[in-house]
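Heads up: the structure comes next, in structure tokens.
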Amino acid sequence: MDSLMQFAKTGESAIEPDDSFLLAHPSVDISLNLSLIRSIKAKMIAVAQHLDLELASVAHAFAYFEKLCLRGLVNKETRRIKGATCLFLATKVNEHKRKLEGFLDAIDKYLDVSEKEVRAIEFATFAELEFNLFLPKSEFIPHLERILRELGKSDIESYVEKRTFYLHYPEQSVLISS
478 MDSLMQFAKT GESAIEPDDS FLLAHPSVDI SLNLSLIRSI KAKMIAVAQH LDLELASVAH
538 AFAYFEKLCL RGLVNKETRR IKGATCLFLA TKVNEHKRKL EGFLDAIDKY LDVSEKEVRA
598 IEFATFAELE FNLFLPKSEF IPHLERILRE LGKSDIESYV EKRTFYLHYP EQSVLISS
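If you read the sequence shown in my numbering, its first letter stands for residue 478, the second for the next number, and so on.
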């Protein structure tokens, strides 16, 4: 599985990051550049912080969103609604139901996407993700690590240790060792 992770801000290359990104990922719609993707991801994190969501939900949403971008299914005009819908799907899968209260209002506030818009493409997005919302840890843990670093949180082992979610995750995704 390809990822956009290598284009995370660490030190910009001699080539402009957006140009370098598009050269490396020709399947990504040309109207969608790295800056736009970073902006949507930052807004997803803002929603998660506002609602105190599990950061693993955001990491899953990032992985879903990147899959759609790499398949050419996201463009400049659809980035907000696709990002919002990916976060909605990830939250529905990873969070307790009461965390969904106020979720769509927060999506509207931070991403300017209405509940009606999200609901209208929810199933289509699920289908574009091949009806697979349960990811192996290799697809979402790198995103979780990056989110934790960006937020100045503890290392992933300390973060995961406090959460029972990972204890019950499918065996291929168990992070905690005995």
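We put the beta carbon where it would ideally sit given N, CA and C, even for glycine.
Please state if the CB of residue j and the CB of residue i are separated by a distance shorter than 8 Å.
i	j	result
L509	C563	no
A583	L528	yes
R612	H502	Residue 612 is actually Leu in this sequence, not Arg. No; because the gap between Cβ atoms is not below 8 Å, this pair is not in contact.
F617	A540	yes
I558	I598	yes
F450	V595	Nothing about residue 450 can be reported from this structure: the residues present for the chain run from 478 to 655 only.
With respect to the alpha helix (DSSP H) encompassing residue i, which residues constitute its N-terminal and C-terminal limits?
i	result
G560	R556 to N571
V595	E592 to E605
K614	K614 to E627
L610	Looking at the DSSP string, L610 is not in any alpha helix (DSSP H), and its letter there is neither H nor E.
K586	F580 to L588
P503	No alpha helix (DSSP H) contains P503, which DSSP labels as neither H nor E.
Identify whether residue i lies in helix, strand or coil by the three-state DSSP scheme.
i	result
L530	coil
S631	coil
L509	coil
E543	helix
L550	coil
Measure the C-alpha to C-alpha separation of residue i and residue j and round it to an integer number of angstroms.
i	j	result
E572	E493	38 Å
L512	E578	Residue 512 is actually Ser in this sequence, not Leu. Roughly 30 Å between the two C-alpha positions.
L588	K614	27 Å
M521	L499	22 Å
A525	V570	14 Å
A567	L610	7 Å
E531	L621	10 Å
I633	E605	30 Å
D495	K574	38 Å
A519	N552	17 Å
Using C-beta distances below 6 Å, list every residue in its chain close to residue i, excluding the 5 sequence neighbours before and after it, in chain order.
i	result
S655	Low confidence applies to S655: its pLDDT is 34, below 50, so where it sits in the model is not reliable, and the reading given next is rough at best. So the list is empty, once near-sequence residues are dropped.
V505	C546
I517	R556 and G560
E592	L581
Within a Cβ cutoff of 7 Å, which residues of the same chain sit near residue i, ignoring the five residues on either side of it in sequence?
i	result
Y636	L625 and K630
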